[in-house]
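Contents: one structure, followed by commentary.
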Amino acid sequence: MITASDPIVFPPAVVAAMQAQLPAVAERTVATIVVEVPSYADAFGGEMGQAIRRAVQLALGGFLELASRPGGADPSRPIGPALEGAYALGRGEARSGRAMDALLAAYRVGARVAWRHMSETAVAAGLEVGAVARFAELVFAYIDQLSASSVAGHTDELETTGRARRHHLERLGALLLAGRPPHDLVVAAQRADWPPPRTLTAVVLPEDRARGARALLDPRTLQVSDDAPGLDPAADLAVLLVPDAGERARPTLLRALEGRSAAVGPPRPWVQVAASYERVLRAMRLGMTAPAPAPLDTEQRLADLVLRADPDALADLRAAALAPLTELSPGVQEKLTATLRAWLLHHGRREQIAAALFVHPQTVRYRMGQLRDLYGNRLDDPQTVLALTLALGSRPDPGVAGTVARPAAPRRS
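Note that the working numbering has the sequence shown beginning at 50, numbered continuously upward.
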């Protein structure tokens, strides 16, 4: 703080002369700042400009009161309002999205301009030349205090608004995952100052890998860690809601998630992202995985998701569709099941079936003869073909709990 040691006591005539010049000095200070600190060119217009001019006059007036007090007075008292004004100015800069560089530059310019004009006025009004040096020291020490107060205001505002905005963003993410009504979501987005995208895509991944992923994704990406419904709290998982990551942008998203053990849902309109999240949860409950390091892309597993939505129903369907094979030995059953599946997938093209099974086309012809003996005309029935396609079209992930069980072992003939 500025101390009262060796104070300057300005004669009343000097004080009166400088006070009379305060409005003019404030105008010159503002005009010079506009020229030398371009980022303030627009800020000084209208009501904001008037407020800043008043703040400049308050700061200069506070300095005059400090410099003219008799010895022994508390020097912190007269500049209290000026420091409060500087603190508020720093907070305003943070709210405007500006860094402190411009404001500190403005202080330096202001100190130079104010010193030049006020010292000229003071000397012309009779201030002794020997006091001018001390006058300069007080001016720049005073500006340092104002600068420090503004820096404190700027820092406090960023911390306060940053915490509040993070809270609002986390709350918005939790509401989105909960599937709240659109009106509630719009209000929450406005409160969080979050511009809604066209779509959101849900991603679930380990929490310790979420920060690295977010650095590669859209800055609007939301993260939910503690309030994500359906996740085991002990699993340390996080949910990312990624804006506009559908269509041609999806490969970029998948590349950003490589090696992060992530599961990715489909893009959905942003107010309906809960459906994307539910898709990911279903895939995880079914134990679906992807070959490392690729993430699990649920868009590539739609058939499995549909077929495995009701494991008991699929097991019953498979048992019914493959009932004609139950009297065969396990070895024959396995060969005919593989042949039947290839026949369905390759639309009966014998050469392609043989290539897929690594057997001779005549072997395929022999096995299909066996199958036609077992199924009869049903292999030409569309409903039977549909049931067999569903029964044999799913390949469950091996060794994962909750996958569809194979039909019971057949009895030997």
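Yeah, the Cβ is synthetic: ideal placement off N, Cα and C, and Gly gets one too.
Look up Q272 in the DSSP assignment and give the residues it is bridged to.
Beta-bridge annotation (DSSP): Q272 is paired with L289.
Three-state secondary structure (DSSP) of P315:
strand
What is the DSSP secondary structure of D346, counted as helix, strand or coil?
strand
What number of angstroms, rounded off, separates the C-alpha of P315 from the C-alpha of D346?
8 Å
Between the Cα of E376 and those of A180, V313, Q419 and F189, spot the shortest distance and give me the residue it belongs to.
Q419
How many Å lie between T412 and E400 at the Cα?
11 Å
Could you tell me whether any non-hydrogen atom of the ligand SAH is closer than 7 Å to the CB of A65?
Here there are no bound small molecules, and the ligand SAH is not part of this structure.
Compute the beta-carbon to beta-carbon distance between G222 and L302, rounded to the nearest angstrom, for a pair I have assumed lies under 8 Å.
That pair is no contact at about 17 Å.
With distances taken from CA atoms, which of T78, G110 and P87 is nearest A69?
A check of alpha carbon separations from A69 across T78, G110 and P87 identifies G110 as the nearest.
Between E256 and L234, how many whole angstroms is the CB-CB distance? I'm expecting something under 8 Å.
That belief does not hold up - the Cβ atoms of E256 and L234 are roughly 24 Å apart, past 8 Å.
Residues near R247 in its chain [Cβ-Cβ closer than 6 Å; skip 5 each side]
Answer for R247: D293, listed in chain order.
Hey, out of T170, Q321 and S274, whose CA is closest to P60's CA?
T170
Is it right to say E383 is buried, meaning 16 or more other beta carbons lie within 10 angstroms of its own, or is it exposed?
exposed
Cβ-Cβ distance between S88 and A151 below 8 Å:
yes
Name the one or two DSSP bridge partners that A251 has.
The partner list for A251 (beta bridge, DSSP) reads L290.
To which residues of the same chain is A305 closer than 8 Å at the C-beta, ignoring the five residues directly before and after it?
Result list for A305: A262, L265 and L266, in chain order.
Touch test, the segment 386 to 394 against the segment 417 to 437, Cβ-Cβ under 8 Å, three pairs minimum:
yes
Assuming Y156 contacts G202 under a Cβ cut-off of 8 Å, what Cβ separation, rounded to an integer in Å, is found between them?
That belief does not hold up - the Cβ atoms of Y156 and G202 are roughly 13 Å apart, past 8 Å.
Quick check on the burial criterion: 16 or more other C-beta atoms within 10 angstroms. Buried or exposed for Q349?
exposed
Cutting at 8 Å between CB atoms, please list the residues of its own chain near R147, excluding the five before and the five after it.
S88
Leaving out the 5 sequence neighbours to the left and right, which residues in its chain are closer than 8 Å to R328 when beta-carbon positions are compared?
A251, G314, P315, T347 and L354
Given A311 as reference, the closest of P360, R258, P278 and P72 once Cα atoms are compared
Taking A311 as reference, the option from P360, R258, P278 and P72 with the minimal CA-CA separation is R258.
For P72, the three-state DSSP class (helix, strand or coil):
helix
Where the alpha helix (DSSP H) through W243 begins and ends
Run containing W243: none; DSSP gives neither H nor E here.
Give the straight-line distance between the Cα atoms of G380 and A387, rounded to the nearest whole angstrom.
For G380 and A387, the distance between alpha carbons rounds to 11 Å.
Quick one: give me the first and last residue of the alpha helix (DSSP H) that F189 is part of.
V181 to L226
Taking DSSP as the reference, what is the three-state secondary structure of L371?
coil
Using only CA atoms, which one of R165, T204, R161 and L290 lies nearest to R220?
L290
Whole-angstrom C-beta distance between T81 and V162, which should lie under 8 Å:
Indeed, because the Cβ distance is near 5 Å, the residues count as touching under 8 Å.
Where does Q432 land, buried or exposed, given buried means 16+ other C-beta within 10 angstroms?
exposed
For D281 and R317, the rounded distance between their alpha carbons
24 Å
Specify the secondary structure class of S325 as computed by DSSP and reduced to three states.
helix
Measuring straight from C-alpha to C-alpha, what distance separates V79 and W164?
14 Å
Who are the near neighbours of D242 in its chain, counting only those whose CB is closer than 7 Å to its CB and skipping five residues on each side?
R214
With distance defined between alpha-carbon atoms, name the residue in L351, L366 and L437 nearest to L385.
L437
Count the other CB atoms within 10 Å of the CB of R140; is the residue buried (16 or more) or exposed (fewer)?
R140 counts as buried, since at least 16 other C-beta atoms from the protein chains shown sit within 10 angstroms of its C-beta.
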